[in-house]
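S.K.: Residue numbers (this note's numbering), protein chains in the order written: chain A, 1 to 419; chain B, 420 to 838.
1) Please list, in chain order, the residues of the region 785-813 of chain B that have any C-beta partner in chain A closer than 8 Å.
2) What in chain A is Cβ-close to residue 483/B, meaning under 8 Å?
3) Measuring alpha carbon to alpha carbon, tell me which of 726/B, 698/B, 728/B and 739/B ends up nearest residue 719/B.
4) Out of curiosity, what's the CA-to-CA distance linking residue 236/A and residue 199/A?
5) Just to make sure I have the definition right: I need the residues of chain A whose C-beta is within less than 8 Å of the C-beta of residue 844/B. Which are they?
6) Please confirm whether any heavy atom of the ligand SAH lies closer than 7 Å to the CB of residue 277/A.
7) Can you tell me the Cα-Cα spacing of residue 759/B and residue 490/B, whole angstroms?
8) Is there a C-beta anywhere in chain A that falls below 8 Å from the one on residue 719/B?
9) Compare the beta carbon distance of residue 303/A and residue 252/A with 8 Å and say whether it is the shorter of the two.
10) What three-state label does DSSP hand residue 248/A in the structure shown?
11) Might you give, ordered along the chain, the residues of its own chain that have their beta carbon closer than 7 Å to the beta carbon of residue 224/A, omitting 5 neighbours on each side?
12) At a cut of 8 Å, does the region 386-402 of chain A reach the region 448-457 of chain B through at least three beta carbon pairs?
13) In this structure, does DSSP put residue 507/B in helix, strand or coil?
14) Hey, how far is the Cα of residue 837/B from the Cα of residue 583/B?
15) DSSP state of residue 216/A, grouped into three classes?
16) Using a Cβ-Cβ cutoff of less than 7 Å, which residues in the same chain neighbour residue 818/B once the five nearest sequence positions on both sides are dropped?
17) Starting from residue 420/A, trace the alpha helix (DSSP H) both ways and give me its first and last residue.
18) Pull the bridge partners of residue 571/B from the DSSP assignment, please.
19) Which one or two residues does DSSP pair with residue 145/A in a beta bridge?
20) Quick check on residue 716/B: does DSSP put it in helix, strand or coil?
21) Could you check where the alpha helix (DSSP H) with residue 179/A kicks off and where it finishes?
22) Please return the same chain residues whose Cβ sits closer than 8 Å to the Cβ of residue 421/A, not counting the five positions on each side in sequence.
23) Report the residues of the region 584-597 of chain B with a CB closer than 7 Å to any CB of chain A, ordered along the chain.
24) Helix, strand or coil: how does DSSP classify residue 71/A here?
25) Is the CB of residue 599/B under 8 Å away from at least one CB in chain A?
26) Can you grab the Cα-Cα spacing for the pair residue 428/B / residue 531/B, in whole Å?
27) Taking 6 Å as the limit between beta carbons, can you name the residues of its chain near residue 663/B, skipping five residues before and five after?
28) Could you check the C-alpha separation between residue 742/B and residue 509/B for me, to the nearest Å?
29) For residue 325/A, does the count of other Cβ atoms within 10 angstroms reach 16, so buried, or fall short, so exposed?
30) Just mark residue 696/B as buried or exposed, buried being the case when its beta carbon has 16 or more other beta carbons within 10 Å.
31) With 7 Å as the limit, tell me which residues of the region 323-355 of chain A have their beta carbon closer than that to any beta carbon of chain B; keep them in chain order.
32) Is DSSP giving residue 134/A helix, strand or coil here?
33) Helix, strand or coil for residue 186/A, going by three-state DSSP, please let me know.
34) How many Å lie between residue 552/B and residue 478/B at the Cα?
35) Tell me, please, whether the region 536-552 of chain B touches the region 785-794 of chain B by the rule of three or more beta-carbon pairs shorter than 8 Å.
36) Quick one: list the residues of chain A neighbouring residue 528/B, beta-carbon separation under 9 Å, in chain order.
Below, the structure written as structure tokens:
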């Protein structure tokens, strides 16, 4: 929303939810831009997201050296620390009043007038709750959400900072695993992140140059996963290629009732899907037992997807930084309660990205974070077990950057000298 | 050994054992150098290692375009296909006569006078068996072993092509995972390759810039692994750092009798340790149950360690190529039954590597591959649970290359404006 006056005070930045490879770029973008704006007196960071706000556990970001800002920006993980903590109480269907009061105590004590929260839609919910309670607590604070999620599933925005690098990791990792599987053929199963949407799993298609390249099968949570169909798919690929590389999003677990996953860490009502190998092991066991295949391997790509320093996409890093800067610009333009959006302009090599904004209400609503996600569009999904490479590459390649080359020997057969 | 005449004929190249990120560089090195040598008439590749020799399943490598050679060299995985197949029959304690006869049938039919096998010590055993049977089959063939193993455990040579890139992947991956774990503190366990030796696990120490950086604990198979000591180590790290990043080599499984690992794929009598998550899951469960900690995650780094295209070490790629060239030079110098060695010259930035050679007998002996390995030297091992960073870095950094920068915010505390 548009406010009719600016306000002088301090800015506070927090990071929330799963870290990404470029989430610190957004912090740096906020700091660099905010330092140049007169209404912003100083810039603080809260340690471990909203927890640090409630606990008044802050650090001074305005006092950091230019070198530190530059180097932290390039470091993967959330430099301020992160957390999964909701201000919404599912049992009462209301906000957690004590926590919200704690937030405003901190804001008043440190004269926070600009709150920048970097996160996904769970964190956008937190930001919205704070914004909606400003009047009640009699404290004028402007709230800005900087999008961040490897899952790429935020509404309105074309894509999310963090996705490009996660996608770059997955595309490259699966390409490498495919090279390996060609060397020693068998069934190889790779489990990617993507709790609710198949964006990350889909990125595995990018390294596929020809039909016989893996991944041969890609499963995303947008499509019903059926165990018998899966086994038939693997069997068919083995017959066709003599090997089979499967990529599945962790989110397919929701379609497999017998998978009784660890239910720890449920702040936002999510099952723990990362840091466990159960999905991959379940699928591998299935293939071994039912198809009687010997060489069956599985990897869960795990937290490397969001933290691997050598797979940072340049575009992703740049855009994450600009999203942070843009949030400050919106603040200076008297906006409030908005999320920055990344708006795509141009196709293919003409791709560029403009920063826009949308009201927080358009991306989050307390208690409804699971409904407010952007699934992988149908146009990218090829039947029940694959992704349309060219269509998806047009979307994803500008975000991911070029992949390493790969090549195979020509199968030129020599003639024996003696018969 | 030194032979007293050269011989004209074709060269055959095979790749064997687990692929690496740079194993195709060695093939390219052999091809490029062999093309320039008059005694070498043509160069063939056998598909899937010794299997392709026995099956006479060859391709013409002399007919490949320069572009293909260059591009395949940069592709991870074994471009010719690989295999774990022994020519030694453990039950009889003798060679597999039928297979060896098949090898010489192929050599004679395709006039193979130079055999280049790229592999670890299991493959060196194969090479030695072929060499020792040449006289019996009345076929003069010269055998050359080009070292290759991510495990870095071959005798005589200072290090092995493939290790630098695997170490680069592990060092960078663990650095990224450490960044992530700092963001969301808990226990994080990473399992690396290294069946018999701790070289790869040790490489995880390279990204540790200060005491509080992970990995906080590193377990290698050279040291007895004790479950109670391990739990005490994790508990102590949690108290000291509020989090704990553990790296353990898959080889520690040998110290844990209760770990009943899948015994498939035992050509050389090895248990399957890669492509299974059992070790990581066992350790994670232990920490959760015994220390009652909530946030415990584990990853098995898996085949990415030997295949990830973005973690190729430039030094490793160069040396792998040169090792291939060097094997051809040895052949032209009338040598036979040798393995190329990488001999270190100079320390730190003065590092460079000369190619040497050693008799195959010094690195392999049929049926004794498990005894003929080079463990991580004691000077790198810090007690029962860590690695001496500086000592190991002096050895490994030239092979691995520079790692990405990492930085943390200065913990400068702001003063509240209102008390």
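Yeah, the Cβ is synthetic: ideal placement off N, Cα and C, and Gly gets one too.
M.R.: From the atom records:
1) none
2) 409, 410 and 412
3) 698/B
4) 25 Å
5) No answer is possible for residue 844/B: it lies beyond the span of chain B, which begins at 420 and ends at 838.
6) The ligand SAH is not among the ligands present in this structure, which contains no ligands whatsoever.
7) 24 Å
8) yes
9) no
10) strand
11) 255
12) no
13) strand
14) 55 Å
15) coil
16) 578, 582, 583, 586, 732, 734 and 735
17) Residue coverage of chain A in this structure runs from 1 to 419, which leaves residue 420/A outside it and unanswerable.
18) Answer is none; residue 571/B lacks a bridge partner.
19) 117/A and 339/A
20) strand
21) 163-183
22) Nothing in the structure corresponds to residue 421/A, since chain A is present only between 1 and 419.
23) 591, 592, 594, 595 and 596
24) helix
25) yes
26) 6 Å
27) 606, 635, 653, 656 and 657
28) 31 Å
29) buried
30) buried
31) none
32) coil
33) coil
34) 24 Å
35) yes
36) 416, 417, 418 and 419
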